[in-house]
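To get the numbering used here, take the position in the sequence shown, counting from 1, and add 22. All C-beta atoms in this analysis are idealised placements derived from N, C-alpha and C, irrespective of residue type, glycine included. Heads up, the thing below is written out as structure tokens.
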Amino acid sequence: MHRRHHKTVLALCLILLFFSCRYRAPKPYTYQKSAISAEGMVVSAHPLATQAGIDILRDGGNAIDAAIAVQLTLAVVHPRAGNIGGGGFMLYRSASGETVALDFREKAPKAAHRDMFLDTANNIIPGLSTEGHLATGVPGTVAGMEVYHKKYGSMSWEDLFQPAIQIAHNGHPLSSYEAVRLNGIQSILIRLNGDQIPFVNAHPWEEGDVIRHPLLAQTLQRISLNGAKEFYSGKTAEYIIREMQEGGGIITAEDLQNYRPVWRTPVSTDYRGYRIISMPPPSSGGIALIQLLEIVERYPLKKWGQRDLRTIHVMTEAERRVFADRAQYLGDDDFYNVPIDSLLDSTYLVLRMANFDALKGTRSQEIQAGKFALNIESYETTHLTVVDRMGNAVSLTTTLNLNYGSKVYVDSAGFFLNNEMDDFSVKPGAPNYYGLIGGEANAIAPEKRMLSSMTPTLVEKDDNLFMTLGAPGGSTIITSVFQVLINVIDFEMTASQAVSSLRFHHQWLPDEIIYEPGCFSDSLLTSLSQMGHPLREINTISNVEVIQRLPDGSYEGAADPREGSDARGKK
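Have a look at this one:
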């Protein structure tokens, strides 16, 4: 009897453990870094999200349908960047060659003002623009999805939500990446939200721990039934406004009801026989990318080689000048007349390199003085890319800005809000979290969209789709997309080789080249230093995702090996 009693107790304990909110599953995910398929391809930041997109393609959905399913699933399984509480940009190319850009970037609330993050002495109040309710811009993700679904989707809106709803309801194991990120912000989450949200745990999170999102499942279900109006004027909107009022935020019901995505005209250029198409303002990514490509096109990079001193020097000097332009001229084109034609003018770009010295690095102080620290700890944006069997292509980047955004969890709705207000020039001339300087063009104003570095990009060759790509990574998005394109076009790498290749980055200020371990040989480091380039090694730069059309008409999906990206093809 005694042994039987112990066995019964043990069995009950095991059952309770199994059905608890948190249990551990061994090594929950296998990440597929490369795939080839003629029937369709999805690359995203998480295997469950990638699979959701593939399942939609198998069910007869097109690239837009699959992108929505991926985006929604990322909001569940990759909540530090995937979101319904943030915003982003989408480029779409139809199989017939139509190319459009949708801006569903967050906006400043109507009550926002230029000096809202400054004290009475006109100094920046530390943390106010990056953490808490005031840091949040009006979200655009849900409105964006509905707009491009209505125009290009083929499956029912409700059906596209089902994979995400099911995962949110049933729970999913944490990847090692998510466990590390969550453990790093536990104290902040508790301070802002208390200890009763699903992301707070009494013990350190570990890979395989299962987390469930019942409130988010209910929110997604409501949006699936009622459309975007549920988020902007329904019960979900009520929860957001209640959170704002309780936390001292300034987003109002009017702000939510007035939010609208905007269709914009992509920016484009020809580079060595390829057509490069990217995002216009309020993204700085497309303008900066095209400037970089047009500057380096005049130099024989292929002849020099990828790791030749001359190649690194020219790319660095181009980046230095382009990021200086970004600081002065780029912002929301609805509020500030961004001189796009002038910035992309070939004569201007030739003159931009007039003081280039082939033997010596230019000091950024010669362009404009400034010293500060550059934060590259994490990349809390996420990119997804989809191509369907017809050849329709989506390149879509969304963000909460920093890791879990403002860290504010909307009670009763189950999701985090962004901290995109930090992407404004909180104080013109002062750096944001990523060390990016901004000027009057990006100053805070009511209902204005903040400048972004997101760079969703499409590439054509001979009037056919050739590649779709993008990345997270703050300011490093631009230079990472730039380097992957050069790796493929100039150095004739495959998509997987181009994505895997080690990267470096320069953004004008701070005046330094940051680089991944092993990117430069010892002799190259010595030569760069002797030329006057300050150097700093960091662990990793960005996380690029690519789909490339191969000569036989099939597609290669390439997921970055640096973190949890995943590439899968429809079979």
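Please classify residue i: does DSSP put it in a helix, a strand, or coil?
i    : result
A415 : strand
W326 : helix
I86  : helix
Q54  : coil
D355 : coil
R244 : helix
A340 : helix
S59  : strand
E482 : strand
P195 : strand
S551 : helix
S118 : coil
To the nearest angstrom, how far is it from the Cα of residue i to the Cα of residue j?
i    : j    : result
R80  : Y170 : 20 Å
V506 : I560 : 19 Å
R411 : M489 : 14 Å
E276 : I245 : 19 Å
L487 : Y114 : 11 Å
Y533 : Q350 : Note that residue 533 corresponds to Asp in the displayed sequence, not to Tyr. Near 17 Å, if we compare the C-alpha coordinates of Q350 and D533.
P148 : R213 : 16 Å
A201 : L547 : 35 Å
K470 : A259 : 20 Å
L237 : H191 : 8 Å
Y45  : G436 : Low confidence applies to Y45: its pLDDT is 45, below 50, so where it sits in the model is not reliable enough to give any reading.
N359 : Y537 : 35 Å
T424 : T163 : For the record, residue 424 in the displayed sequence is Leu; it is not Thr. Distance between the alpha carbons of L424 and T163: 16 Å.
S368 : R320 : 11 Å
T384 : W326 : 21 Å
G591 : G554 : 46 Å
G460 : S518 : 34 Å
Just checking my contact of residue i with residue j at CB under 8 Å: how many whole Å lie between their CB atoms?
i    : j    : result
G107 : M472 : Contact doesn't hold; Cβ gap of about 15 Å is too wide.
P304 : D363 : Contact flag wrong, Cβ pair sits at about 17 Å.
L156 : G62  : Wrong, their Cβ atoms sit about 43 Å apart, outside the cutoff.
A89  : L406 : 6 Å
F183 : L70  : Their Cβ separation, rounded to whole angstroms, is 15 Å, which puts F183 and L70 out of contact at 8 Å.
I298 : T479 : 7 Å
V481 : V521 : At roughly 14 Å, the Cβ-Cβ gap does not stay under 8 Å, so V481 and V521 are not in contact.
H68  : H100 : 5 Å
V432 : E585 : Not a contact, Cβ separation roughly 26 Å.
G166 : L124 : 6 Å
V64  : A580 : At roughly 12 Å, the Cβ-Cβ gap does not stay under 8 Å, so V64 and A580 are not in contact.
T152 : Y455 : 6 Å
Which residues in the same chain have their Cβ closer than 6 Å to the Cβ of residue i, if we skip the five residues on either side of it in sequence?
i    : result
Y174 : I86
K483 : Y296
A465 : R136, S447, P450
D512 : L323, K324
V344 : A310, Q313, L314
I210 : K429
R329 : none
The ligand GDP heavy atoms versus the CB of residue i: any closer than 7 Å?
i   : result
G82 : No copy of the ligand GDP appears in this structure; indeed no ligand is present at all.
With a CB to CB cut of under 7 Å and the five nearest residues on each side skipped, what residues in its chain are close to residue i?
i    : result
E168 : G249, A250
S576 : I58, S59, A60
M476 : G110, F111, M301, S305, G307, T403, T419, T421, I499
S116 : N414
S612 : There is simply no residue 612 to check, as the chain begins at 23 and stops at 593 in what is shown.
M337 : V318
E492 : According to the sequence provided, residue 492 is Gly. The question's Glu does not apply to it. If we look at G492 and ignore the five residues flanking it on each side, its Cβ neighbours are H405, T407, S417, T419, T477, P478, T479, V503, E567.
S176 : G83, N84, D87
R286 : A123, D125, P302
If the criterion is Cβ atoms closer than 8 Å, does the pair residue i and residue j meet it?
i    : j    : result
N205 : F438 : no
W530 : R282 : no
A594 : A589 : Lying before the first or after the last residue shown, residue 594 is absent from the chain, which here runs from 23 to 593.
V503 : L311 : yes
K55  : P556 : no
G20  : V98  : No information on residue 20 is available, as it lies outside the stretch 23 to 593 that the chain covers here.
I273 : P131 : yes
N441 : P494 : no
E180 : L242 : no
I334 : L550 : yes
V430 : G154 : yes
L278 : E229 : no
T516 : E578 : yes
D485 : G216 : no
Taking 8 Å as the limit between beta carbons, can you name the residues of its chain near residue i, skipping five residues before and five after?
i    : result
I146 : F139, L140, V448, K449, A452
A340 : Q313, L314, I317, V318, M375
L622 : In this structure the chain extends from 23 to 593, so residue 622 is not present and cannot be described.
S474 : F111, R127, P304, S305, S306, G307, T421, D445
G256 : R244, N248
Taking only beta-carbon positions, decide if residue i is within less than 8 Å of chain B.
i    : result
Y170 : Looking for chain B here will not work: only one protein chain is present.
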